[in-house]
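For the sequence shown, position 15 matches number 25 in the working numbering, and the numbering has no gaps at all.
Report on the structure given below.
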Amino acid sequence: MMAPKWLKDFSRADFLRSVGLYVTRDRLVFVRMRKNVLNVSLLEQQTEELPLGENQQAISELTGWIAEDVREIALKAENDSHERAIRQAILSLLPHFRAGRDPVFICVPQEQAVVQQLFFPQAAEANLPQVLEYEIERQLPFRREDIYYDYLPIGKKGDKIALYLFAIPKKSLAGLVDLLGSFGIKPSGVETTVTALANYFLFCKGEVSETATVVGSHDQTWEMIGLQSNVNGWKPSHNLLYSHWFPASDWAQGTGRELLYERLSQPSTHYNWGELGESFRSVNGKFLEYQDLLAIGNERLKGSDPILDANVLPAIGAALRGVREAYFTTNFLRHEGADHSRGKALSIVNAVLVGLLFVGLIGWGVSYPIKDELRLRQLQNENQKLEPSVGVLRREETQLQKARKEATFLSDLGRRRGEVLRVLDELSRIVPTNAYLSNLRYRAGVLEIQGNAENASALIPLLERSPVFENVNFNAPSNRGRDNRETFSLKADLEKPKATPTKQP
């Protein structure tokens, strides 16, 4: 059964603020969002460039023929320069939000992390976190203590259960987390562009029953994710079908190109963010159409400042976690105690509303017997006021019914007066003088007479020959007394006039 949309949205109603940061090698993108009940708006957006050192390329190309300590010193100098640039960018952003109070969610490019699809036996589903903890070193070329990780279940695939594993080396993230901590900012969550863009897309488009392919680019790399929604039931479920990332060189040749054409040739609706290369414009000579996610986001966030740059989209996707509009919740810092709200069904506002509703329902239920008692007393008071008038009306009604009966009797008597006189006249004419009538009753055309005579049977032919009576018979057996006279009880019908036949012309 499909529930009304407003009922589905009730658990997401809240008053919240959230900050999203998209941190790449050469820029830091900042957004601040707000939710009032169900209305989500983009309050601020800002992009801070992170300048790269002039010798950055040379440092990254240092090889083993240079002394290892020299190479480490050069790399450390590069990292220190990058951290100083990030620190300066964060300092410029501090006046725009409440550090330590507004939840901050970070998105990092997929190129900095490992996103891998894993399969396990169905028996492992009940203890999936423990199984993954045990298996993670066999699946990744890292030690467990050297990475942050999280996972996203994606359901059954044949006789296996599948999940996406997200992992990032601690050395790639710890510097940023410590830098934010120096400003009193503790990130509530860190994720990759895979889930951030998926959440942004679902926030803009809502439920999508068909397969959707989201393609984007950043810094000479390409990302592609596939999404689909199952809208049956109370709460729709969203599936991450696939996720791919390649440098630009791998898209143009080899397995990357084959995978690109395979995915784009499947039936799907295509969406893009960032600039698309020619490889994405057509497949096997067929031109592909893309819908712009930036334009879709501006339509969804109508009333806010327009989104100016495609690089803002991952930051918005990360900030959606803080306003309870995210569908995929992965967090590299979950094992370090961040984002305790995962799986939380109700916010504080929701809890207060539910509490008020519960109290209101209790009051409404308790008020019913009280209201009934008040109505009963009010009716009793009104009845007491009306009782004298009601008594008068009842007496008048009784007198009226008695008068109607008397009028009916008199009217019926007047109507039957001619019949009664006719019956009496006929009886006085045909009953012999040696017969005595003791009782006579006439009702509705039926005559009953009782009396005594020397021969009661002789009365029947006399009455039958009369033009007034018919169907004459004894109503009870006759008895002969000591005076040699018979008592009788006769019954006769008043003869009905016969219809005169109509003469035919």
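In this text, a Cβ means the ideal position worked out from N, Cα and C, and glycines have one as well.
Using the beta-carbon count (16 or more within 10 Å), is L389 buried or exposed?
-> Flag for L389 reads exposed.
What are the boundary residues of the alpha helix (DSSP H) that I470 is part of?
-> Note, I470: alpha helix (DSSP H), 469-475.
Just curious, the alpha helix (DSSP H) that Q460 is in, first and last residue?
-> Unbroken run through Q460 is the beta strand (DSSP E), 456-463; no alpha helix (DSSP H).
Tell whether a beta-carbon distance below 9 Å holds between Y161 and I178.
-> No, Cβ-Cβ distance for Y161 and I178 is not below 9 Å.
Is the beta carbon of R35 less than 9 Å from the beta carbon of L60?
-> Yes, the pair counts as a contact, with Cβ atoms nearer than the cut-off.
S182 by DSSP, collapsed to three states: which one?
-> In the structure shown, S182 sits in a helix (DSSP, three-state: H, G or I).
Under three-state DSSP, which class holds I116?
-> Here I116 carries a strand assignment [DSSP, helix/strand/coil].
Hey, L500 and N483: beta-carbon distance below 9 Å or not?
-> Yes. Within cutoff.
Residue closest to M234, alpha-carbon to alpha-carbon, out of T203, R153, R334, V218 | Minimum Cα distance to M234 is reached at T203.
If you follow the alpha helix (DSSP H) that A208 is part of, which residue opens it and which one closes it?
-> 203-215 is the span of the alpha helix (DSSP H), which, as asked, contains A208.
Where DSSP assigns a beta bridge to L408, which residues make up the other side?
-> With the sequence shown as reference, residue 408 is identified as Thr, and Leu is not the correct amino acid for it. Secondary-structure assignment with DSSP links T408 through no beta bridge to anything.
Distance, Cα to Cα, I306 vs F338?
-> Rounded to the nearest whole angstrom, the C-alpha separation of I306 and F338 is 20 Å.
Range covered by the alpha helix (DSSP H) that runs through P139 | Counting along the chain, P139 sits inside the alpha helix (DSSP H) bounded by residues 138-149.
Would you give the residue range spanned by the beta strand (DSSP E) that A523 belongs to?
-> An answer regarding residue 523 cannot be provided, because it is not within the stretch 11 to 515 covered by the chain.
From what residue to what residue does the beta strand (DSSP E) around N282 run?
-> Here the beta strand (DSSP E) through N282 covers 279-283.
In three-state terms, what does DSSP make of Q276?
-> The three-state secondary structure of Q276, taken from DSSP, is coil.
Measure the alpha-carbon distance for N46 versus F25 and round it to whole angstroms.
-> The alpha-carbon atoms of N46 and F25 are separated by roughly 5 Å.
Per DSSP, the bridge partner or partners of L500 | In DSSP, L500 forms a bridge with I459, F484.
Local conformation of G74 per DSSP, three classes | Residue confidence is low: G74 scores 45 on pLDDT, short of 50, so the model does not pin down where it sits. Its coordinate-derived value is still stated next. Note: G74 maps to coil in three-state DSSP.
Quick one: using the 10 Å Cβ neighbour count with 16 as the cut-off for buried, is A99 buried or exposed?
-> Looking at its Cβ environment, which holds 16 or more other Cβ atoms inside 10 Å, A99 is buried.
Have a look at V433, I459, E464 and flag the residue whose alpha-carbon is nearest the alpha-carbon of T443.
-> The residue with the shortest Cα to Cα distance from T443 is E464.
In three-state DSSP terms, what is G3?
-> The structure shown does not extend to residue 3, since the chain is modelled only from 11 to 515, so the question has no answer here.
Sequence-distant residues of its chain with Cβ nearer than 7 Å to E285 (five each side left out) = Closer than 7 Å at Cβ, skipping near neighbours: S227.
Between F213 and V50, is the Cβ-Cβ spacing less than 9 Å?
-> It is a contact, given that the beta carbons lie within the stated cut-off.
Would H345 be called buried (16 or more neighbouring beta carbons within 10 Å of its own) or exposed?
-> If you draw a 10 Å sphere on the C-beta of H345, you find fewer than 16 other C-beta atoms in it, and that means exposed.
Three CB pairs or more closer than 8 Å across the stretch 183-194 and the stretch 101-120 | Taking 8 Å as the limit for Cβ pairs, the verdict is that the stretch 101-120 does touch the stretch 183-194.
Alpha carbon to alpha carbon, how far is E383 from K415? Give it in angstroms, no decimals.
-> C-alpha separation (whole angstroms): 43 Å.
Keeping to the same chain, check which residues put their C-beta closer than 6 Å to that of A320; ignore five residues upstream and five downstream.
-> Taken in chain order, the residues that qualify are W283, G284, L304.
In chain order, what residues of the same chain lie with their CB nearer than 6 Å to the CB of A23, ignoring the 5 residues before and after it?
-> The answer, listed in chain order, is V47, L48.
If you count every other CB in all the chains shown that lies within 10 Å of the CB of A502, and 16 or more means buried, which is it?
-> Classification of A502: buried, given that the 10 Å Cβ count is 16 or more.
For E309, which of E458, Q127, Y210 has the nearest alpha-carbon?
-> Closest by alpha carbon: Y210.
Delimiting residues of the alpha helix (DSSP H) encompassing N308 | Taken as a continuous stretch (DSSP letters only), the alpha helix (DSSP H) holding N308 covers 303-310.
Decide if D90 is buried, meaning its Cβ has at least 16 other Cβ atoms within 10 Å, or exposed.
-> With fewer than 16 other Cβ atoms within 10 Å, it is exposed.
With distances taken Cα to Cα, identify the nearest neighbour of T231 among V400, H254, G216.
-> Among V400, H254, G216, the Cα nearest to that of T231 is on H254.
According to DSSP, is E392 helix, strand or coil?
-> Residue state, collapsed to three classes: helix.
Under 6 Å Cβ to Cβ from L343, same chain only, skipping five residues before and after it: list those, please.
-> Excluding residues within five positions, the ones whose Cβ falls inside 6 Å are V200.
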